[in-house]
Amino acid sequence: MRIISGKFKSRRLLTLPGSATRPTLDQTKEAIFSSIGGRCQDFVVLDLFGGSGALALEAISRGARMAYIADKSVQALKIIKTNVDSLKVEEQVKIIKGDYRSVLSKLKEQSFDIIFLDPPYSMKIIDEIISFLIENDMVTRSGFIVAEYAKGYLVNNNYDDFEVRLQRTYSNSEVLILQRKE
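Take any residue in the sequence shown, count from 1 to its spot, add 10: that is its number in my numbering.
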């Protein structure tokens with residue numbers, strides 16, 4: 011796993027061993043960041059199911075000001091901390107331990123420019139989370155919700171005040187990017 015663009019381009023990141031997590035493929039990452047304009051200048055991002063922290067750290071590499079990376083797994087949190095430390099971006103990253111509901115509850119007064127949702131494929135919770143984000147006004151004007159989920163899982167892509175920027179199928183996954191209208 012590596013960062014594909016920005017000031018940390020080609021830097022390697024650690025990932026969790028085994029198949030418990032699925033790092034986002036470079037091809038998928040490139041499509042995601044191309045769809046949101048490539049750069050993340052001064053963005054504040056939330057990676058709700060951090061895993062290795064790769065998506066949030068890619069955003070930091072591309073100019074994001076701050077990233078919140080959450081995960082409930084102690085092993086994942088150790089990997090995230092190691093990756094953050096290796097890039098020396100501790101001042102730009104807040105690591106949060108907790109399940110998605112507790113993290114959203116803690117952060118519901120904040121808004122984010124990009125929110126990454128990449129839960130375990132067995133959890134069919136994308137619609138629930140998107141609804142929560144919208145109800146609590148957690149996405150900035152022109153901000154993005156980026157969801158990656160199991161191929162074949164039907165996700166609602168019709169939300170008031172949001173437009174679909176990308177909906178694409180990859181080998182085992184699908185990606186949906188919603189952008190809030192200005």
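Glycine residues also receive a C-beta, built at the ideal position from the N, C-alpha and C atoms. Here the structure is a predicted model, which is why all the values come from computation and not from measurement.
Which stretch, first to last residue, makes up the beta strand (DSSP E) that contains Asp-81?
76-81
Check whether the Cβ atoms of Asp-36 and Gly-61 sit closer than 8 Å, and answer yes or no.
no
Go ahead and label Glu-184 buried or exposed: buried means 16 or more other beta carbons lie within 10 angstroms of its beta carbon, across all protein chains shown.
buried
Between Val-84, Ser-121, Ile-125, which has its C-alpha nearest Lys-107's C-alpha?
Closest option to Lys-107, judged by alpha-carbon separation, among Val-84, Ser-121, Ile-125: Val-84.
So, for Ile-46: in the same chain, excluding its five sequence neighbours on each side, which residues have a beta-carbon less than 6 Å away from its beta-carbon?
Phe-154
Quick check on the DSSP output: the alpha helix (DSSP H) that includes Thr-92 runs from which residue to which?
84-97
Report the residue ranges of all beta strand (DSSP E) runs contained in full by the stretch 114-140; include only those spanning at least 3 residues, in chain order.
122-127
Nearest-angstrom Cα distance between Asp-137 and Val-165?
6 Å
Where the beta strand (DSSP E) through Phe-172 begins and ends:
172-179
Out of Val-156, Val-113, Tyr-163, state which residue places its alpha-carbon closest to the alpha-carbon of Ala-41.
When each option's Cα is compared against that of Ala-41, the closest is Val-156.
Find out if the Cβ-Cβ distance for the pair Ile-125, Leu-58 is shorter than 8 Å.
Contact: yes.
Can you look up Thr-150 in the DSSP assignment and give me helix, strand or coil?
strand
So, does the stretch 94-108 touch the stretch 64-82, judging by three or more C-beta pairs under 8 Å?
yes
Expected contact under 8 Å - CB spacing of Thr-150 and Phe-122 to nearest Å
7 Å
Cα-Cα separation, Leu-114 to Ile-187
19 Å
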